[in-house]
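Working notes, beginning with the structure itself.
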């Protein structure tokens, strides 16, 4: 059994144009399981940002060498896999993720890197006949500014790096100040894998992010985070008409049809809502259950919730860790308290654990509707409103009555019916009898205010590329005499 340690991590540096560099300032990073200080992470200056972007602009040979790019991605994947447990331990320490789940995130990160190392570059041939050949080719944009959230920093960073590199772009990345440590460690691991300037990982706060977005030599911004921050980025990027990939918040609805098997779906619904303590963009955040099975399903979910083990992420028996930072803890607590004040009934949970750290019990709440803050807003934590409905049309209308549109799911014993209902949900991804599965080759992104563009697959590749149409008139054959 591994034991969490609050011993401070010293000697932290960040990757800047091929060199590990110190920052003039630092920011405190806390262990969310204890609220103890575990590191003072260096912060990059605006001058260092300028240097990183200048180096990225000068790494011109990178775009022309596909063999080098694929080899680098493959080596990065191998190094991430080889250092899985070390990276996972840091990830658990800084965001409170149970160690097994942290290992899974590191493995998935390596898989995303390997997918892009091996995936065929898209090429569309629209016409190829005796008269002409018309094709659409992909060209790199240039410098990609990647801004990473705190909830799944390694996975999201590797997805962005992998796709940007596969196209031929260079990357200047800013981790969240709430969770920079794993990405600083990644920078140390791969500092010699890519040419100088191809990747810089610059920790910093909102001001550094604003400067990255506004920089005239940055051609694209890839951001994962809140709607409010995404809107600010879009406005800041508008003068330069920068390319944007924005994966923003979600308020995913799951609709359970009356024919669903309660015993079968309850544990999977719980996982869809509470995996990583609900701190997943595409987690179930609203549960619509047909009135005929609402009572037994609520009871089954209560049993699953009360069997969950909340505690130290390094304890193998623990299934749920803390909220990753105090700010998110207060948001979740505030939404749960507001839900109860407005008439919601707590089935289980509803309060923090009486111990150090940002621990909040897995919470189920009934007797709420779309006017309740817990239903209207993205809670991003371990609290799930359960809402009864009488008809499928009603459930679909209520599921779609939101400014969000990231994901959704339908749960049923009839997959044909489930597929038909799924197509009526207004979200970028819809699952039937599962929720939140994201694969490297499957497009993922949001409708409405949940974002612009898509990650993953060929569609995600195109988000990081300029598409160029090449139209060639073929010479006519000379007439025979």
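Residue numbers (UniProt numbering): 1 to 481. Virtual Cβ for every residue (Gly too), placed ideally from N, Cα, C. It should be emphasised that the depicted structure is a prediction, and the values quoted were computed from it without experimental measurement.
Secondary structure at residue i, three-state DSSP: helix, strand or coil?
{"i": "residue 423", "result": "coil"}
{"i": "residue 275", "result": "helix"}
{"i": "residue 7", "result": "coil"}
{"i": "residue 1", "result": "At residue 1 the pLDDT is 32, less than 50, meaning the model places this residue with poor confidence; the figure from the coordinates comes in the next sentence. Three-state DSSP puts residue 1 in coil, outside helix and strand."}
{"i": "residue 118", "result": "helix"}
{"i": "residue 290", "result": "strand"}
{"i": "residue 431", "result": "strand"}
{"i": "residue 107", "result": "helix"}
{"i": "residue 481", "result": "With a pLDDT of only 46 at residue 481, under the threshold of 50, the placement of this residue in the model should not be trusted, and no figure is reported."}
{"i": "residue 84", "result": "helix"}
{"i": "residue 127", "result": "strand"}
Pull up the distance between the alpha-carbon of residue i and that of residue j, whole angstroms please.
{"i": "residue 309", "j": "residue 176", "result": "28 angstroms"}
{"i": "residue 53", "j": "residue 461", "result": "22 angstroms"}
{"i": "residue 314", "j": "residue 273", "result": "22 angstroms"}
{"i": "residue 126", "j": "residue 467", "result": "13 angstroms"}
{"i": "residue 291", "j": "residue 391", "result": "9 angstroms"}
{"i": "residue 45", "j": "residue 23", "result": "7 angstroms"}
{"i": "residue 385", "j": "residue 361", "result": "14 angstroms"}
{"i": "residue 241", "j": "residue 340", "result": "45 angstroms"}
{"i": "residue 16", "j": "residue 389", "result": "54 angstroms"}
{"i": "residue 25", "j": "residue 202", "result": "12 angstroms"}
{"i": "residue 286", "j": "residue 474", "result": "57 angstroms"}
{"i": "residue 348", "j": "residue 266", "result": "15 angstroms"}
{"i": "residue 129", "j": "residue 75", "result": "41 angstroms"}
{"i": "residue 4", "j": "residue 206", "result": "At residue 4 the pLDDT is 48, less than 50, meaning the model places this residue with poor confidence; the figure from the coordinates comes in the next sentence. Taking the straight line from one Cα to the other gives about 30 angstroms."}
Can you find the residues in the same chain that come closer than 6 angstroms, C-beta to C-beta, to residue i, ignoring five residues on each side of it along the sequence?
{"i": "residue 296", "result": "262"}
{"i": "residue 319", "result": "308, 309"}
{"i": "residue 481", "result": "At residue 481, the pLDDT of 46 sits below 50, so the modelled position is not reliable and the matter cannot be decided from this model."}
{"i": "residue 164", "result": "144, 171, 464"}
{"i": "residue 278", "result": "381, 382"}
Using only CA atoms, which one of the options lies nearest to residue i?
{"i": "residue 110", "options": "392, 78, 125, 99", "result": "78"}
{"i": "residue 379", "options": "353, 344, 402, 333", "result": "333"}
{"i": "residue 393", "options": "423, 405, 407, 413", "result": "423"}
{"i": "residue 420", "options": "255, 444, 471", "result": "255"}
{"i": "residue 247", "options": "266, 136, 222", "result": "222"}
{"i": "residue 7", "options": "73, 159, 93, 205", "result": "93"}
{"i": "residue 454", "options": "113, 215, 427, 433", "result": "427"}
{"i": "residue 450", "options": "134, 338, 282", "result": "282"}
{"i": "residue 452", "options": "406, 99, 437", "result": "406"}
{"i": "residue 196", "options": "29, 213, 58", "result": "58"}
{"i": "residue 253", "options": "188, 47, 60, 432", "result": "432"}
{"i": "residue 408", "options": "398, 416, 414", "result": "398"}
Count the other C-beta atoms from every protein chain shown that fall within 10 angstroms of the C-beta of residue i, then say buried if there are 16 or more, exposed otherwise.
{"i": "residue 225", "result": "buried"}
{"i": "residue 264", "result": "exposed"}
{"i": "residue 403", "result": "exposed"}
{"i": "residue 312", "result": "buried"}
{"i": "residue 96", "result": "buried"}
Taking 7 angstroms as the limit between beta carbons, can you name the residues of its chain near residue i, skipping five residues before and five after?
{"i": "residue 101", "result": "276"}
Output needed for residue i: all residues of its chain with C-beta closer than 8 angstroms, excluding positions within five of it in sequence on either side, in chain order.
{"i": "residue 377", "result": "251, 335"}
{"i": "residue 124", "result": "135, 136"}
{"i": "residue 345", "result": "365, 366, 367"}
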